[in-house]
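Counting from 1 along the sequence shown, just add 1 to a position and that's the residue number in the working numbering. Note that the Cβ used here is the ideal one computed from N, Cα and C, for glycine as well. The structure appears below as structure tokens.
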Amino acid sequence: MDSKTPEAQFKLKFDGPANEIEAVTFLKSLSGVTSIVEEVNDELQTGSRLRITIKSLEKGSFIVNIGIGTFDIGAIQTFLSKLSLDTVQKIITCFVSILNLRKLLKGEKPKEIKDSGSEYQLTTNRGTIINVDKITYNIYLNNDKVNDAVGIAFEALDSDHAVTGFEVLDGQQNKLFEAVREDFEGMSQTLVSEEVNKKTITAVAVLNIYKVIFDNKYKWEFYLKGNKISANICDADFFKRIDSGEHFAKGDSMEVELQIEQIFDSAANTYINKSYQINRVIKHIPRNCQENLLFD
2 MDSKTPEAQF KLKFDGPANE IEAVTFLKSL SGVTSIVEEV NDELQTGSRL
52 RITIKSLEKG SFIVNIGIGT FDIGAIQTFL SKLSLDTVQK IITCFVSILN
102 LRKLLKGEKP KEIKDSGSEY QLTTNRGTII NVDKITYNIY LNNDKVNDAV
152 GIAFEALDSD HAVTGFEVLD GQQNKLFEAV REDFEGMSQT LVSEEVNKKT
202 ITAVAVLNIY KVIFDNKYKW EFYLKGNKIS ANICDADFFK RIDSGEHFAK
252 GDSMEVELQI EQIFDSAANT YINKSYQINR VIKHIPRNCQ ENLLFD
């Protein structure tokens, strides 16, 4: 039986003359919202798998209640940390900020970016000034899945002429975000990735295991030279060792072939690490073992 942690809720409101919405519009826009929230959770490295649910549909304009919590699933529950409501609120805040950026920038890059400590001050091509935290802006600019998901959601809304507006509300009906029909087309325009601003580094590294998740769909958490990271493990032989009973625990080390995706941060004028992937596990080093255990 699943046990649920407390949920934070927000609402999606589809404005229009009727208390209904085309199924295709609803499914595509909801799928886009779900993808954005899941990617934000991953980018913020919360270490938890989200449980996103539709709570109910309300009368009036088409309103959908969305709940966000986490899973605790059977035997692996000790490997999944529970999100606090504060953390879930940070996810929702980041999600809303991404929508606001897309609305104001209309798929374009800022005319000017100024570094203001923990934030960037952006100036749009229309002269509007936006203050946004650095993590949110880097997700907006560099996460292709988020970029595509926003485009899909608002392309669906733009194609359904019965939808005159779209809003995100909090649990107390306070408006967090609003877009009218005239905004939909601009918000459906996806950013064009500039591959020149991305590069991949592959190197051998020693990682200290912090969190183990025995499901190859999810990321493990490690410490790399004192910095906490999360990474997918793309080594089929490694998971065969797990299936055969190899024991792994927090505090163990692994020598790996680590692939690092980097993006260029124009404001900082340097490449920063965006994501990590383990291509091959070379050695597993139990914390109390003096000798390295070699993978064949």
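Beta carbon of residue i, beta carbon of residue j: below 8 Å?
| i | j | result |
| --- | --- | --- |
| A157 | S254 | no |
| L100 | F178 | yes |
| T191 | G246 | no |
| E21 | D161 | no |
| T94 | K112 | no |
| V150 | F167 | The sequence given here places Ala at residue 150; Val does not occur at that position. No, the Cβ-Cβ distance between A150 and F167 is not below 8 Å. |
| I210 | F249 | yes |
| I92 | L45 | yes |
| I264 | I202 | no |
| A154 | G33 | yes |
| K220 | N233 | yes |
| G108 | E222 | no |
| D159 | S189 | yes |
| E40 | K146 | yes |
| A269 | D116 | yes |
Please report how far the alpha carbon of residue i lies from the alpha carbon of residue j, in whole angstroms.
| i | j | result |
| --- | --- | --- |
| N148 | N289 | 45 Å |
| Y272 | N144 | 15 Å |
| D134 | I243 | 40 Å |
| N274 | F240 | 26 Å |
| T129 | F11 | 27 Å |
| F27 | K14 | 11 Å |
| A237 | N42 | 26 Å |
| L208 | D184 | 46 Å |
| S36 | R281 | 28 Å |
| R103 | L86 | 26 Å |
| T346 | I286 | The requested residue 346 does not occur in the structure, where the chain is confined to residues 2 to 297. |
| L225 | R52 | 29 Å |
| P206 | R50 | Reading off the sequence, residue 206 comes out as Ala, not Pro. Those two C-alpha atoms are separated by around 26 Å. |
| V25 | E186 | 17 Å |
| V97 | F215 | 32 Å |
| N198 | K251 | 35 Å |
| V213 | L259 | 17 Å |
| S276 | K200 | 11 Å |
| Y121 | N132 | 6 Å |
| R182 | T165 | 5 Å |
| Q173 | I279 | 43 Å |
| V89 | V38 | 10 Å |
| I140 | A163 | 31 Å |
| S231 | N126 | 36 Å |
| I114 | D266 | 11 Å |
| A204 | I55 | 43 Å |
| K1 | V169 | What is shown of the chain runs 2 to 297, which leaves residue 1 out entirely. |
| C235 | K110 | 34 Å |
Tell me residue i's beta-bridge partners as DSSP assigns them.
| i | result |
| --- | --- |
| G166 | D16 and V181 |
| E120 | S117 and D134 |
| E222 | K212 and S231 |
| N274 | Q263 |
| F239 | Partner(s): none; F239 has no beta bridge. |
| S49 | Paired residue(s): none; S49 is not in a bridge. |
| A206 | V257 |
| R288 | The partner list for R288 (beta bridge, DSSP) is empty, contrary to what the question assumes. |
| I279 | I234 and L259 |
| K176 | L170 |
Looking at the secondary structure, which residues open and close the alpha helix (DSSP H) in which residue i lies?
| i | result |
| --- | --- |
| T88 | L86 to L106 |
| E40 | A24 to E44 |
| N198 | Run containing N198: none; DSSP gives neither H nor E here. |
| G152 | D145 to S160 |
The ligand MG and residue i: does the residue's C-beta get closer than 7 Å to at least one heavy atom of that ligand?
| i | result |
| --- | --- |
| N132 | This structure lacks the ligand MG, and indeed carries no ligand of any kind. |
State yes or no: is the beta carbon of residue i nearer than 8 Å to at least one beta carbon in chain C?
| i | result |
| --- | --- |
| Q10 | As a matter of chain content, chain C is missing from the structure shown, which is built from one protein chain. |
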